[in-house]
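Undergrad:
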Amino acid sequence: MKLASIILDIPTQALDAPYTYAVPDDAGGDQPIEVGCAVVVPFGHRQAVGFVIGIEERIAEEWPDGLDPSKIKPIARAVSRPYFDEEGAACAQWLSERYLAPLSSCVRLFTPPGGVPRMVRANAGYWRLEEPAVGEVDDRWVVPGPAFDGFEPRKNAVKQASIVAALRAGELRVAELAAEFGAVSVALKTLEGKGVVRIERRRRMRGFAVPPARRPPEPADGAESAQPAGPFFIPSRKPPLTEGQAEALAAIDAARARETGEVVLVDGVTGSGKTEVYLQAIEAALAAGHTACVLVPEISLTPQTVARFRGRFGDTVAVMHSRMSAGERFDQWDFIRSGAARVVVGARSALFTPLRDVGLIVIDEEHEGSYKQDSAPRYHARDVAVWMARRSGAAVVLGSATPSIEALFTCSQDPAWHHVVLPERANGRPLPAIQVVDMAKEFGGGSRSMFSHALVCALAEELGVGHKAVLLLNQRGFASFLLCRECGFVPECPSCSTSLTFHERGNFLICHHCGYREAAPSVCPECGSPYLKKFGAGTQRVEAELRVLLDGMFGTDSGVPIVRMDADTTSGKGAHQRLLEEFAAADAAVLLGTQMIAKGLDFEDVTLVGVVNADTILKLPDYRAAERTFDLIEQVAGRAGRSELPGRVLVQTYEADAAPIRAAARYDRALFLRDELPKRRLMGYPPYVRMANVLVWGKDEPSVRLAACSLHDGLASAVRDFGGDGWSVLPATPCVLAKLRGTYRWHIVVKCPVEDDLSRALLPFFRKRKPERDVNVAVDIDPDDLL
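Under the working numbering, think of the first position of the sequence shown as 142, with each following residue one higher.
Structural data, given as structure tokens:
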């Protein structure tokens with residue numbers, strides 16, 4: 142008998158293991174039952190959708206102990222083609238165990254976006270199978286039939302004549318004919334019946350159309366074409382490599398050739414040509430018959446990154462990120478599954494696409510927190526990529542101008558991790574000088590502007606000669622708010638423990654965590670005072686004050702464009718690319734934005750970068766605050782002076798003596814690490830320990846507090862039985878955001894030595910734990926922050 146291991150598509154920790162079902166010899170449905178496909182199975186008094194993660198043949202002598210053959214239920218039928226193979230199934234199980242996540246949530250990572258059937262409850266408790274929300278789009282095309290030539294429609298058949306005339310210029314979609322001539326279905330049916338036309342269904346790919354294919358010149362008579370068959374793209378220029386780039390490329394090629402899952406950390410200053418190293422390393426991997434996956438941290442980086450990769454590899458590049466529609470992502474996923482895609486570029490989820498024979502995984506800006514998933518399974522893309530590479534023999538490339546402390550530490554400890562440094566820019570130009578502006582001294586000197594005198598002068602000089610500037614508003618965390626100067630009242634969100642953010646345009650207050658919104662009061666709701674002070678500066682307010690400053694600036698043209706990139710202006714589809722194109726097209730302009738503009742952007746005529754407030758992240762109650770401040774300043778500084786024009790950077794801060802700011806201003810990572818690492822070791826933070834953040838939340842605060850304290854006691858006992866020296870369970874405490882979207886939040890932090898298996902200690906405890914009705918619990922292994 143064939144037995145199948147099935148993961149039920151029901152996201153709960155209670156279903157923490159695969160279920161065994163029999164594979165019938167003649168299952169119903171059009172699809173065979175294979176590993177990776179979705180199936181319908183009986184489950185209790187209902188049917189459920191599940192995913193096959195393994196199939197094995199069993200004979201009577203090998204029957205598993207405790208398994209009664211008479212109780213094995215058969216699979217009803219398969220309802221999809223395979224979404225993944227045995228390696229995908231193994232990865233899903235590893236993710237579930239490593240990150241203490243429901244098996245179904247882990248398997249879902251490998252399925253097409255919106256393309257999975259599911260069971261839904263109908264009337265009277267009846268369950269029915271609902272077809273996938275998205276699927277292939279087949280356009281109907283009209284093509285000439287066998288009787289097309291010489292056909293002459295009757296004089297009064299005007300629509301038939303119009304269709305025939307249009308087809309003489311080439312094949313057309315039915316939708317195009319309908320848009321031109323109105324209802325055409327009757328005329329087309331008549332023409333099809335006469336053999337004049339044929340109606341064909343053709344797959345249409347939604348969005349992200351590849352550049353038009355171009356053919357190379359025909360070879361001379363008797364000569365063989367040096368180009369492969371199929372669409373041809375003129376490749377982008379391949380510049381000669383610097384000595385550092387060549388060394389990095391050699392290290393990557395050697396790691397890939399050894400096929401042992403090694404990691405190469407490309408530690409290159411901004412502008413050192415890391416992307417060109419990736420391109421040439423991928424070219425070598427493709428030549429060896431492999432494929433490549435490239436991860437980028439920000440959607441804002443995708444347009445420029447995709448343009449570079451498609452310029453080199455043409456229509457073999459697939460794109461995957463969350464701003465695409467479900468239909469576009471499904472088409473790209475299916476394009477990858479077809480084997481036509483050889484390079485995948487996208488966000489962290491691109492790791493789980495059905496790309497076969499991967500030889501290279503590139504993680505650009507590997508230090509970025511966006512590579513950590515914030516919902517189950519709470520995986521880190523870097524760790525998953527390394528696991529995948531060790532299984533398949535691929536090489537992993539981590540690239541950054543500011544590598545994470547964990548990556549640097551692992552390079553010093555693990556011989557399979559190699560550290561390659563690119564200390565100079567590829568064009569030989571120097572890094573821009575960074576000037577730290579002490580805003581406390583500016584304030585003491587009588588200045589009340591958010592723009593220092595030095596920044597105003599620099600803007601006037603650069604814009605006056607037609608150059609561009611980038612202004613970063615370091616706005617992560619708690620943004621601008623209102624405060625009553627008489628009683629100290631601050632309007633807060635009724636559902637979250639944070640102040641409401643003030644928006645100048647529209648004069649309203651909003652919570653950026655749950656979306657609660659109200660009109661800004663004209664007087665204090667508590668004491669009636671009219672003295673309400675706006676603290677902090679949102680991008681809208683900075684834009685308004687910058688507009689006044691630029692319009693009154695001597696020596697610059699009036700109306701210098703200000704392109705604002707933040708969560709509000711980039712929420713629409715294609716907004717990132719549109720705004721970047723607008724900035725690129727202007728003669729002199731200012732790009733004002735949040736962290737999304739700090740990395741990956743390459744504009745030759747940007748000569749000035751200003752950091753409006755460098756202190757926001759530094760003041761967050763987060764053990765990574767200093768590292769993130771250092772990274773952000775170095776990253777955004779790299780946007781200036783990337784070509785022949787010299788660049789300069791001004792960093793405004795009230796903490797001019799802070800080590801991260803002083804170190805970043807000197808491009809001195811060693812100075813930063815000398816200050817930061819002893820603090821991490823003393824306080825017991827990564828890279829010297831591993832951590833788990835156990836989150837507890839619910840609507841009733843006493844219940845959450847009681848559950849968190851009880852959970853702490855259970856965890857302390859479990860850790861005491863499993864671990865030894867260096868293991869600890871910190872007391873249960875409220876989170877920094879103690880209330881979020883109407884729920885109260887507590888957490889418990891578990892720490893262990895870096896070489897120990899944290900998941901193995903916690904997994905049995907949470908598998909046995911019975912869930913509570915009113916309190917939710919989640920475990921974040923290796924959390925990116927503790928907020």
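A virtual CB, placed ideally from N, CA and C, is assigned to each residue, including glycine.
In the DSSP assignment, the alpha helix (DSSP H) including H888 goes from what residue to what residue?
TA: No alpha helix (DSSP H) holds H888; the beta strand (DSSP E) holding it covers T884 to P894.
Undergrad: Is it buried or exposed for V257, if we count other Cβ within 10 angstroms and need 16 for buried?
TA: When all chains shown are included, V257 counts as buried.
Undergrad: Is G586 helix, strand or coil when you go by DSSP?
TA: Coil at G586, not helix or strand.
Undergrad: In whole angstroms, what separates the C-alpha of V752 from that of S900?
TA: Distance between the alpha carbons of V752 and S900: 40 Å.
Undergrad: What does a CB cutoff of less than 6 Å around R815 pick up in its chain, not counting 5 residues either side in sequence?
TA: Contacts found: none.
Undergrad: Which full runs of the beta strand (DSSP E) of 3+ residues lie inside the segment 526-600, going along the chain?
TA: List check, beta strand (DSSP E) in window: 536-541, 558-563 and 574-579.
Undergrad: Hey, V164 and L144 are a contact pair by Cβ (cut 8 Å); roughly how many whole angstroms apart?
TA: Contact flag correct, Cβ pair sits at about 7 Å.
Undergrad: Based on Cα-Cα distance, which residue from R470, V561 and A396 lies nearest to V527?
TA: With distances taken between Cα atoms, V527 lies closest to A396.
Undergrad: What's the C-alpha gap between R831 and V895?
TA: Rounded to the nearest angstrom, the two C-alpha atoms are 5 Å apart.
Undergrad: If the criterion is Cβ atoms closer than 8 Å, does the pair N615 and A755 meet it?
TA: Yes, they are a contact pair.
Undergrad: Taking the Cβ atom as the reference point for each residue, do L613 and V777 lie within a distance shorter than 8 Å?
TA: In contact: L613 and V777 (Cβ atoms closer than 8 Å).
Undergrad: Would you mind giving the Cβ-Cβ distance between I802 and I774, rounded to the nearest angstrom? I have them listed as a contact below 8 Å.
TA: Confirmed, Cβ separation roughly 7 Å.
Undergrad: Examine the Cβ distances between the segment 578-597 and the segment 719-738 and report whether three or more of them are shorter than 8 Å.
TA: No contact exists between the segment 578-597 and the segment 719-738.
Undergrad: Could you round the C-beta distance between V525 and V486 to whole angstroms and report it? I think they count as a contact, below 8 Å.
TA: Not quite, the Cβ-Cβ distance comes to about 17 Å (not below 8 Å), so this is no contact.
Undergrad: Mapping DSSP to helix, strand and coil, what is L250?
TA: Looking at L250 - three-state DSSP - the assignment turns out to be coil, as it is neither helix nor strand.
Undergrad: Is C232 helix, strand or coil by DSSP?
TA: Three-state DSSP puts C232 in a helix.
Undergrad: Which residues does DSSP pair with M461 in a beta bridge?
TA: Beta-bridge pairing links M461 to G487.
Undergrad: Measure the C-alpha to C-alpha separation of K379 and G452 and round it to an integer number of angstroms.
TA: Cα to Cα, K379 sits roughly 10 Å from G452.
Undergrad: Determine contact between the segment 302-316 and the segment 275-282, defined as no fewer than three beta-carbon pairs at a distance below 8 Å.
TA: Yes, they touch.
Undergrad: Applying the 10 Å Cβ sphere with the 16-neighbour rule, what's the burial state of A370?
TA: Low local confidence applies: a pLDDT of 32 at A370 is under 50, so the model's placement there is unreliable, with the coordinate-based value given in what follows. A370 is exposed by the Cβ-count criterion.
Undergrad: Whose CA, out of T383, Q421 and E439, lies closest to the CA of A393?
TA: According to the sequence shown, residue 393 is Ile rather than Ala. Out of T383, Q421 and E439, Q421 has the C-alpha closest to the C-alpha of I393.
Undergrad: I'd like to check one pair, D498 with T125: are the Cβ atoms closer than 8 Å?
TA: Nothing can be reported for residue 125: it is not among the residues displayed for the chain, which extend from 142 to 928.
Undergrad: Rounded to whole angstroms, what is the Cα-Cα separation between S636 and R719?
TA: Using only the alpha carbons, I get a separation of about 35 Å.
Undergrad: Is P215 helix, strand or coil when you go by DSSP?
TA: Three-state result, P215: strand.
Undergrad: Please name the residue in C876, Y829, L856 and I340 whose C-alpha comes closest to that of V891.
TA: Ranking the options by Cα distance to V891, first place goes to L856.
Undergrad: Out of G605, T680 and V750, point me to the one whose CA is closest to L691's CA.
TA: Closest option to L691, Cα to Cα, is G605.
Undergrad: Which residue marks the beginning of the beta strand (DSSP E) containing L270, and which one marks its end?
TA: First-last of the beta strand (DSSP E) with L270: W268 to E271.
Undergrad: To which residues of the same chain is A253 closer than 6 Å at the C-beta, ignoring the five residues directly before and after it?
TA: The question names Ala, but residue 253 in the sequence shown is Pro. Cβ neighbours of P253 beyond the five flanking positions: F471 and W474.
Undergrad: Mapping DSSP to helix, strand and coil, what is G510?
TA: If DSSP states are grouped into helix, strand and coil, G510 belongs with the helices.
Undergrad: Counting only runs of 4+ residues fully inside the segment 655-711, write out the alpha helix (DSSP H) ranges in chain order.
TA: Whole alpha helix (DSSP H) segments, 4+ residues: 680-692.
Undergrad: Confirm, please, whether the CB-CB distance from V407 to A488 is below 8 Å.
TA: No; because the gap between Cβ atoms is not below 8 Å, this pair is not in contact.
Undergrad: Can you tell me whether L650 is buried or exposed, with buried defined as 16 or more other CB within 10 angstroms of its CB?
TA: By the 10 Å Cβ count, L650 comes out buried.
Undergrad: Which of the three DSSP states, helix, strand or coil, is assigned to L732?
TA: Note: L732 maps to strand in three-state DSSP.
Undergrad: Buried or exposed for Y520, going by 16 or more other Cβ atoms inside 10 Å?
TA: Buried is the call here.
Undergrad: Return the chain-ordered ranges of every alpha helix (DSSP H) run that is complete within the segment 733-795 and spans a minimum of 4 residues.
TA: Taking only runs of at least 4 residues, the alpha helix (DSSP H) segments lying wholly in the segment 733-795 are 766-778.
Undergrad: By Cβ distance below 6 Å, which residues in the same chain neighbour L596 in space, the five residues on each side in sequence not counted?
TA: Counting only Cβ-Cβ distances below 6 Å, and skipping sequence neighbours, we find G751 and L791.
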